[in-house]
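If you read the protein sequences in the order shown, they are chains A and B. Taking numbering that gives the first Met the number 0, the leading residue of the first sequence gets 0, the next gets one more, and so forth. Taking numbering that gives the first Met the number 0, the leading residue of the second sequence gets 0, the next gets one more, and so forth.
There are 2 protein chains.
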Amino acid sequence: MLTLYYSPNACSVASHIALEDAGAEYEARKVDFGSDQQKSAGYLEINPKARVPALVTPRGVLTETPAMLAFIAQSFPEAKLAPLDDPFAFAEMQSFNSYLCSTVHVAHAHRGRGSRWADDEASFADMRRKVPQTVTACFELIESRMLKGPWVMGDTYTVADPYLFTVAQWLEIDGVDISRFPRVIDHRSRMREMPNVKKAIAEEMAV
Amino acid sequence: MLTLYYSPNACSVASHIALEDAGAEYEARKVDFGSDQQKSAGYLEINPKARVPALVTPRGVLTETPAMLAFIAQSFPEAKLAPLDDPFAFAEMQSFNSYLCSTVHVAHAHRGRGSRWADDEASFADMRRKVPQTVTACFELIESRMLKGPWVMGDTYTVADPYLFTVAQWLEIDGVDISRFPRVIDHRSRMREMPNVKKAIAEEMAV
Chain A
0 MLTLYYSPNA CSVASHIALE DAGAEYEARK VDFGSDQQKS AGYLEINPKA
50 RVPALVTPRG VLTETPAMLA FIAQSFPEAK LAPLDDPFAF AEMQSFNSYL
100 CSTVHVAHAH RGRGSRWADD EASFADMRRK VPQTVTACFE LIESRMLKGP
150 WVMGDTYTVA DPYLFTVAQW LEIDGVDISR FPRVIDHRSR MREMPNVKKA
200 IAEEMAV
Chain B
0 MLTLYYSPNA CSVASHIALE DAGAEYEARK VDFGSDQQKS AGYLEINPKA
50 RVPALVTPRG VLTETPAMLA FIAQSFPEAK LAPLDDPFAF AEMQSFNSYL
100 CSTVHVAHAH RGRGSRWADD EASFADMRRK VPQTVTACFE LIESRMLKGP
150 WVMGDTYTVA DPYLFTVAQW LEIDGVDISR FPRVIDHRSR MREMPNVKKA
200 IAEEMAV
């Protein structure tokens, strides 16, 4: 049995969808950022990073979306959620996921989380102003070079797909002109119609 | 044959050391950041992200350190550089590497790369002032919770070790009081004495 700690609309929904895709037996538990539950003593015991996602497994707790996505794919090989027998293809998928977490998510985070990296209100405003530009640059690369289509890795759906879907959900809030990214938006639209995606999002919104 | 594109003292040295550890046949090529070679048309063909590292393989180019490290470990299984047959242990290692790339490296980058996320000189100075605090917070977590010892994953050396070594090399430049992190510094000292580490660094410094 696995337990996923999530916050609605956070990057945790990528792992939530992947758990559905894997057919995993799991429980999803909301961490209430509104009441700063991520900083509570109880949650810090689970994840001292005070972030989501966290995945509690019988062997211990895992954090960091790319690692969790690869873990889900490797733990449920029959679901075929990653090219597990091809180190190069697996690395391409992991490279995509690593770019989302270390560059795209970080660019997005400068909109509302400037206090992670600076102290002055003027700096936060400066960072916030630049987010449309930095996130647009990331998605130009994804649109033109990285998203093979129809799925991230080409003909086969992998755990990179729910992760791209997750960060693409933030485009409008980041002030990005989505008309520049028809392939990404087509991918997002197809993902939104998938039963596992609908189920994971409905579960997160219902609590 | 593999070709690694690196810049001295950049995060590319982690993959450089891992290639040595793997016993891989490879060539290392310096990208001269002094002359902005990473933005040249020739290099952008290899890596449109205009960053290092990039690993040219017979199947294509890989970027993003965590993906490259897992690829090296999986491609040279006899070198035993990762727990390849244990999805949970592999995920723990990947979680460590993902934290280094998405949180620790990003915190460090706010010292000299503020223009990635803001436009005003005052913001860059604000970011720079905060780096000792943010990097210290990262290494408190690594020192107390993440570095199992004597190696990152415990008794067995993995590709997480050259990556921790790489980012720990930046502590002094980031204005961090290293006396707070005796376990990390002991790890760094042991890494510095390893023949593969010495060889990779000497090769990067000789060009």
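Where a beta carbon is used, it is the ideal one built from N, C-alpha and C, also for glycine.
| Asked | Found |
| --- | --- |
| Against chain A: residues of the region 135-167 of chain B by CB proximity under 8 Å | L140 and R144 |
| Chain-ordered chain A contacts of S122/B [CB-CB under 8 Å] | A117, D119, A121, S122, D125 and M126 |
| Beta-carbon contacts of A78/B that lie in its chain and below 7 Å, excluding the five residues immediately before and after | D20, A21 and G22 |
| Residues in the region 7-28 of chain A having any Cβ partner in chain B nearer than 7 Å | none |
| DSSP-derived helix/strand/coil call for T133/B | helix |
| As assigned by DSSP and simplified to three states, the class of R28/B | strand |
| Candidates A66/B, K29/B, T2/B and Y25/B, of which the one nearest M204/B by Cα | K29/B |
| Cα-Cα separation, E171/A to S114/B | 23 Å |
| Reduced DSSP secondary structure (H/G/I, E/B, other) of Y98/B | helix |
| Within chain B, the residues that S39/A reaches when beta carbons sit closer than 7 Å | Ordered by position in chain B, no residue passes the 7 Å Cβ test against S39/A, which lies about 17 Å from the chain. |
| For Y156/A, the three-state DSSP class (helix, strand or coil) | coil |
| Pairwise C-alpha distance: V175/A and A159/A | 21 Å |
| CB contact below 8 Å: R58/A versus chain B | yes |
| As assigned by DSSP and simplified to three states, the class of L80/B | coil |
| CB contact check: P47/B to chain A, cutoff 8 Å | yes |
| Segment limits, beta strand (DSSP E) that includes V51/A | That residue, V51/A, is in no beta strand (DSSP E); it is neither H nor E in DSSP. |
| Simplified DSSP assignment, three categories, for G59/A | strand |
| Beta carbon proximity, M0/B to chain A, threshold 8 Å | no |
| Which of helix, strand or coil DSSP assigns to L43/B | helix |
| T52/A burial status per 10 Å Cβ neighbour count (16 or more: buried) | Here the sequence assigns Pro to residue 52/A, which means Thr is not the residue at that position. Classification of P52/A: buried, given that the 10 Å Cβ count is 16 or more. |
| Contact between the region 85-101 of chain B and the region 111-126 of chain A (3+ Cβ pairs under 8 Å) | no |
| Nearest residue (CA-CA) to V103/B, options K198/B, V60/B and C10/B | C10/B |
| Interface flag, F89/B vs chain A, CB-CB below 8 Å | yes |
| For L1/A, the three-state DSSP class (helix, strand or coil) | strand |
| Beta-carbon neighbours of Y98/B, restricted to chain A and to distances below 7 Å | E63 |
| CA nearest to the CA of S17/A, picked from P7/A, L43/A and F75/A | Per the sequence shown, the amino acid found at residue 17/A is Ala instead of Ser. The shortest Cα separation from A17/A among P7/A, L43/A and F75/A belongs to F75/A. |
| Chain A contact for A94/B (CB, 8 Å cutoff) | Checking the sequence shown, residue 94/B turns out to be Ser, not Ala. For S94/B, the answer is yes, since a Cβ of chain A falls inside 8 Å of its Cβ. |
| Assumed close pair F138/B, V196/B - CB separation to whole angstroms, cut-off 8 Å | F138/B to V196/B, Cβ: 20 Å. No contact. |
| Chain A contact residues for M190/B, given Cβ-Cβ distances below 7 Å | None at all; the shortest Cβ gap to chain A is about 22 Å. |
| Buried or exposed (CB count within 10 angstroms, at least 16 for buried), K129/A | buried |
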